[in-house]
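One structure below.
2 protein chains.
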Amino acid sequence: MGAITAREAKPTINDVAREAGVSKKTVSRVINRSPLLNDATREKVEKVIAALGYVPNPQARALALRRNFLIGLIHDNPNAQTVLNVQEGILSAIRDTEFALVVRPVNRRSPRMLDDVRAFLEQQRLFGVLLMPPISENDELARVCEELGVGYVRMGSAQLDSGEHLVESNDREAVRKAMEYLVALGHRRIAFVAGPEGFRSARERELGYRDAVKAAGLPQGPELEAAGNYTFETGKLAGDKLLDATERPTAIYSCNDEMAAGVLHAARERGLSVPDDLSIVGFDDSPIAAHIWPPLTTVRWPVAAMARTAALKLIDPGHASGQPALFPSIFIERGSAAPPRR
Amino acid sequence: MGAITAREAKPTINDVAREAGVSKKTVSRVINRSPLLNDATREKVEKVIAALGYVPNPQARALALRRNFLIGLIHDNPNAQTVLNVQEGILSAIRDTEFALVVRPVNRRSPRMLDDVRAFLEQQRLFGVLLMPPISENDELARVCEELGVGYVRMGSAQLDSGEHLVESNDREAVRKAMEYLVALGHRRIAFVAGPEGFRSARERELGYRDAVKAAGLPQGPELEAAGNYTFETGKLAGDKLLDATERPTAIYSCNDEMAAGVLHAARERGLSVPDDLSIVGFDDSPIAAHIWPPLTTVRWPVAAMARTAALKLIDPGHASGQPALFPSIFIERGSAAPPRR
DNA sequence: GCTTATATTGACACCGGTTACCAAACAGTG
DNA sequence: CACTGTTTGGTAACCGGTGTCAATATAAGC
């Protein structure tokens with residue numbers, strides 16, 4: 090059995106070729122599933138590959154093919170669970186392929202952000218990158234990818250780019266539906282906690298709120314609106330403002346769950362019972378939504394599925410080409426919303 | 090200025106050499122900071138590199154050097170924020186180096202887990218990997234790395250490995266101190282929610298609890314103990330059990346925050362006020378700790394700093410060689426613990 | 001049986017860096 | 001001035017794969 094070979098060294102394509110009595114090119118064909126290859130030869134080579142435990146060197150392949158098998162995730166999302174869900178989604182798409190996932194958090198506020206990303210892309214020469222919100226809304230970033238010839242797909246809550254570069258969720262409609270649920274419960278005075286300026290997702294969710302307000306002819310005005318930046322703390326502040334208004338709302342829609350938790354906190358401090366005195370509905374279905382009391386009625390953003398599709402679009406553009414993939418959100422009814430008292 | 094060259098193609102080392110009028114070997118020496126090199130030459134070459142915007146091809150380097158610049162993070166941690174903090178820590182260590190971070194979540198329960206990891210390591214030929222808890226406690230996994238010649242560093246809550254492969258936190262002592270805090274508040278009947286079997290961190294935290302119980306001569310027994318698996322749901326179940334005991338505890342120590350939130354939930358269902366009727370203390374300082382009501386008194390695990398050190402150990406073993414790096418946890422006093430009523 | 005089309009396979013250069021080894025240039029000795 | 005020793009730069013081979021294109025074998029056409 091077998092010649093005397095170094096135990097430690099990993100077998101190379103040459104070892105396989107020699108052992109199988111074929112040229113390295115033939116082995117290469119086997120690896121790459123070339124169709125123009127005799128089945129008998131293929132089997133023979135595959136047997137040797139298995140026996141030797143040969144695994145092609147990805148660096149060598151990357152060099153010869155002038156493309157590597159790394160896909161990058163560029164993000165600056167404050168919600169850890171969301172980021173991890175995206176990573177899971179991507180991983181599920183590249184599982185059992187030769188691709189691997191490289192992560193790169195960035196700081197949206199840094200003036201060097203674009204240069205950082207550019208340097209990163211130039212240095213690593215990634216196959217492509219996935220841009221997740223909110224940084225995905227940055228058009229300059231997309232342009233940098235374009236310029237550097239790096240494939241990219243943006244995950245967004247609105248029509249940000251052409252179909253081949255986009256995976257989309259319909260936050261606006263999802264919020265409208267959640268609002269309709271509150272209206273159906275009997276609420277009229279529904280306040281809104283908006284997200285940070287410049288976030289497309291925040292904008293879309295606000296539009297959904299306004300759609301519903303207009304459609305149902307609900308009261309509106311500055312007393313019924315507050316803004317935050319997606320954090321628990323700013324949600325608490327927004328809750329403080331809305332609940333101290335002269336005419337208190339019976340329900341508050343917060344455009345993400347962290348802020349909804351902050352609103353809940355503010356209500357609790359005022360001795361208000363949720364949902365009896367105040368209904369609260371959020372967005373995202375963060376883990377926190379199920380873990381606070383009462384559990385939060387919210388909207389689940391199918392983030393892992395979006396990420397999965399985004400990754401598939403990146404590594405196999407032909408497969409899912411054309412129109413943007415649109416992912417509907419799901420309304421999750423839990424315990425934080427009920428008919429208004431009286 | 091300059092010769093007529095293709096605009097689009099990335100410059101190679103040959104372009105730099107030609108433009109600078111030196112050999113590619115000399116350019117290579119500049120890139121690799123070889124000391125035996127004339128300063129004037131070095132500057133000349135560096136100027137050309139900057140002018141051309143040349144960036145060495147990492148795949149080619151990886152091939153020639155027989156090592157790449159990818160470090161992997163292998164994890165199966167259920168806490169998203171912790172995972173992200175670890176990623177941040179690693180990134181801060183490799184920022185401005187040529188290293189990049191590849192993530193690889195695994196499923197601890199899968200029987201194929203070890204094979205998956207082995208395949209991953211063989212295929213990607215990483216420079217090294219970081220193992221974060223709880224998977225870092227798996228000795229077989231470490232052995233696989235060893236066998237494959239992949240560098241590794243384990244992050245753990247106990248002496249898991251020799252110093253060069255370990256970054257350590259002292260959970261046991263941290264829990265003991267948190268318990269002493271409860272004792273100092275006047276609690277005697279303190280129950281414990283343990284973590285899942287087989288988790289070293291859970292074991293260490295339990296030992297910390299027992300240390301304190303013994304030192305203060307507190308009551309103990311099966312009525313004062315319950316186990317969970319680090320999730321909110323199992324924490325709720327543990328809370329149900331402990332709070333329905335014939336003699337109810339005045340405080341509950343939960344060995345992580347998610348479960349503490351579950352306990353809080355259980356208390357709330359029974360109409361108990363926290364912290365007046367029941368004090369609760371957790372561990373981890375997950376984001377949830379600050380976002381529930383009342384905010385949770387807990388222990389912060391310096392996870393990002395640990396990850397940073399782990400990454401540094403990996404990429405520059407000489408620098409931080411020898412003894413394991415030990416990271417003390419910090420006690421965070423918030424609102425969920427108070428003196429017992431009466 | 002001979003020519004042409006088709007299926008398989010191999011030889012060789014090349015991807016963009018690295019190292020090994022050698023030659024040239026320059027300096028310091030006796 | 002010849003003889004070493006020390007810097008420096010050049011050449012060629014190599015890392016482990018891939019593409020191109022020619023060579024061979026086999027099948028088909030007349």
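Chains as they are written, first to last, in this note's numbering: chain A, 90 to 431; chain B, 90 to 431. Cβ atoms here follow ideal geometry from the backbone N, Cα and C, with glycine treated the same way. This structure is a prediction, so every number in the text was calculated from the model and none was measured.
So for residue i, helix, strand or coil by DSSP?
i: residue 244 (chain B); result: strand
i: residue 159 (chain A); result: strand
i: residue 419 (chain B); result: strand
i: residue 430 (chain A); result: coil
i: residue 239 (chain A); result: coil
i: residue 257 (chain A); result: strand
i: residue 334 (chain B); result: coil
i: residue 220 (chain B); result: strand
i: residue 394 (chain A); result: helix
i: residue 76 (chain B); result: Not covered by the structure: residue 76 (chain B). The range shown for chain B is 90 to 431.
i: residue 101 (chain A); result: coil
i: residue 404 (chain B); result: helix
i: residue 111 (chain A); result: coil
i: residue 387 (chain B); result: strand
i: residue 265 (chain B); result: helix
i: residue 210 (chain A); result: helix
i: residue 432 (chain B); result: A question about residue 432 (chain B) goes unanswered here, because the residues of chain B that appear run from 90 up to 431.
i: residue 298 (chain B); result: helix
i: residue 90 (chain A); result: Below a pLDDT of 50, predicted positions are generally treated as unreliable, and residue 90 (chain A), at 38, falls in that range; the measurement from the model is reported next regardless. DSSP places residue 90 (chain A) in coil when its eight states are reduced to three.
i: residue 342 (chain A); result: strand
i: residue 314 (chain B); result: strand
i: residue 188 (chain B); result: coil
i: residue 96 (chain B); result: Any reading at residue 96 (chain B) is ruled out, since the residue's pLDDT is 43, under 50, leaving its predicted position unreliable.
i: residue 369 (chain A); result: strand
Taking the Cβ atom as the reference point for each residue, do residue i and residue j lie within a distance shorter than 8 Å?
i: residue 364 (chain A); j: residue 424 (chain A); result: yes
i: residue 147 (chain B); j: residue 211 (chain B); result: no
i: residue 385 (chain A); j: residue 355 (chain A); result: no
i: residue 112 (chain B); j: residue 263 (chain B); result: no
i: residue 389 (chain B); j: residue 421 (chain B); result: yes
i: residue 324 (chain B); j: residue 350 (chain B); result: yes
i: residue 316 (chain A); j: residue 327 (chain A); result: yes
i: residue 339 (chain B); j: residue 200 (chain B); result: no
i: residue 203 (chain B); j: residue 242 (chain B); result: no
i: residue 393 (chain A); j: residue 274 (chain A); result: no
i: residue 229 (chain B); j: residue 249 (chain B); result: no
i: residue 170 (chain A); j: residue 191 (chain A); result: no
i: residue 193 (chain B); j: residue 209 (chain B); result: yes
i: residue 415 (chain B); j: residue 174 (chain B); result: no
i: residue 374 (chain B); j: residue 168 (chain B); result: no
i: residue 293 (chain A); j: residue 247 (chain A); result: yes
i: residue 141 (chain B); j: residue 105 (chain B); result: yes
i: residue 353 (chain B); j: residue 182 (chain B); result: no
Who are the neighbours of residue i on chain A, taking C-beta pairs under 8 Å?
i: residue 214 (chain B); result: 146, 147 and 148
Kindly list, in the order they appear in chain B, the residues whose Cβ is closer than 7 Å to that of residue i.
i: residue 160 (chain A); result: Result: empty, since nearest Cβ-Cβ is about 10 Å, beyond 7 Å.
i: residue 357 (chain A); result: 382
i: residue 180 (chain A); result: 194
Interface residues of chain A around residue i at Cβ under 9 Å?
i: residue 380 (chain B); result: 321, 347, 350, 351, 354, 377, 380 and 381
i: residue 157 (chain B); result: 147 and 148
i: residue 177 (chain B); result: 194
Give me the chain A residues within the contact set of residue i, using Cβ-Cβ distance strictly less than 7 Å, ordered along the chain.
i: residue 432 (chain B); result: Residue 432 (chain B) lies beyond the residue range present for chain B, which begins at 90 and ends at 431; the question has no answer from this structure.
i: residue 211 (chain B); result: 144
i: residue 189 (chain B); result: 191 and 213
i: residue 172 (chain B); result: 173
Under the assumption that residue i contacts residue j (Cβ atoms under 8 Å), give the Cβ distance between them as a whole number of angstroms.
i: residue 302 (chain B); j: residue 341 (chain B); result: In fact, because the Cβ distance is near 13 Å, the residues do not count as touching under 8 Å.
i: residue 379 (chain A); j: residue 178 (chain A); result: Going by Cβ atoms, the distance from residue 379 (chain A) to residue 178 (chain A) rounds to 20 Å, so no, they are not a contact pair.
i: residue 156 (chain B); j: residue 216 (chain B); result: 6 Å
For residue i, go through chain B and note every residue whose CB falls closer than 9 Å to its CB, in chain order.
i: residue 277 (chain A); result: The contacting residues do not exist; residue 277 (chain A) stays about 28 Å from chain B at best.
i: residue 169 (chain A); result: 168, 169, 170, 171, 172, 173, 174 and 376
Taking three-plus beta-carbon pairs below 8 Å as touching, is the stretch 161-180 of chain B in contact with the stretch 202-221 of chain B? yes
Is it true that the stretch 133-151 of chain B meets the stretch 122-140 of chain A, where meeting means three or more beta-carbon pairs spaced less than 8 Å apart? no
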